[in-house]
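Going by the UniProt record's numbering, 76 is the number at position 76 of the sequence shown; the sequence numbering is gapless.
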Amino acid sequence: MDDTNTLAGSDITTSRAQTQFKTSLWPDNTYTIPMMGAYNVNNALAALLVADTFHIRPAAAQQAIASFVPTENRTEWLTGYRGEAILSDVYNSNPTAARRVLAAFAAVPTKGQRIAVLGDMLELGDQSDALHMSLASELDPATIASVYLNGEHMRALAEVLQEKYPASAVHYYQTDQQPQLIADLTATVSADDQVLLKGSHGIHLEKVLTALEAAPEK
């Protein structure tokens with residue numbers, strides 16, 4: 001936001017667990033959102049503007065933002081059975097949200113590799129393939145080492161990514177091939193890796209999450 005806005009955010013820092021920022025309205029206060037991603041600041045600023053309108057004390061507004069609880073499986077960090085960090089966002093997806101989450105995920109430090117598992121974004125109409133292809137702008141082998149794609153429309157993205165990724169780093173699976181995706185992914189992930197799961201609920205990437213969290217039977 002620029003200085004023409006009623007309320008502007010500044011000094012934004014983000015990590016796996018939280019995003020911190022200051023505002024033009026109460027510049028001495030630091031606000032903490034318990035979620036990754038600078039894109040969440042605009043929503044917090046809107047809440048602060050409402051708080052100011054209703055004369056809610058800055059300290060109370062600060063505490064309310066800090067105590068926000070994200071919806072389960074909406075940009076939620078979890079831990080796989082190997083120790084890998086999993087960013088689960090498996091109940092909704094659209095092009096804007098997917099690009100924002102990919103950008104934030106790529107910026108989170110990791111000792112291992114970043115792996116993106118993306119499922120179809122459903123109900124996008126005639127432009128669906130083009131909108132899936134647009135996610136390529138946020139996928140770079142320098143920051144996200146490998147990509148696993150699941151769903152009929154993700155085929156379009158897989159074809160685009162072949163131009164910027166090694167062939168061995170792009171893995172495409174039709175909707176009914178998710179069990180094979182799970183087998184391939186779980187054979188690859190290590191303890192220091194970070195894994196993003198992002199897709200519409202109809203693709204059921206929660207099954208991938210369950211496989212990553214559950215130790216294999218001996």
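For each residue, glycine too, the CB sits at the ideal point set by N, CA and C. Predicted model, so just to flag it, every value in this text is computed and none were measured.
Ile12: not part of any alpha helix (DSSP H); member of the beta strand (DSSP E) spanning 9 to 14, first to last residue. The shortest CA-to-CA distance from Ala167 to any of Gly151, Pro27, Ala145, Phe68 is the one to Ala145. Per DSSP, Gln113 has no beta bridge partner at all. For Lys164, no pairing in a beta bridge is given by DSSP. Annotated three-state conformation of Phe105 is helix, per DSSP. Boundaries of the beta strand (DSSP E) harbouring Leu149: 146 to 150, taken from the DSSP string.
Going by DSSP, Ser128 is part of no beta strand (DSSP E) but of the alpha helix (DSSP H) stretching over 128 to 133. Put simply, the backbone Cα of Gln113 is about 46 Å away from that of His55. Close CB contacts of Leu161 within its chain, under the 7 Å cut and outside five residues either way in sequence, are with Ala136, Leu139, Val147, Val170 (chain order).
Boundaries for Thr79: no alpha helix (DSSP H) harbours it, while the beta strand (DSSP E) harbouring it runs 76 to 79, taken from the DSSP string.
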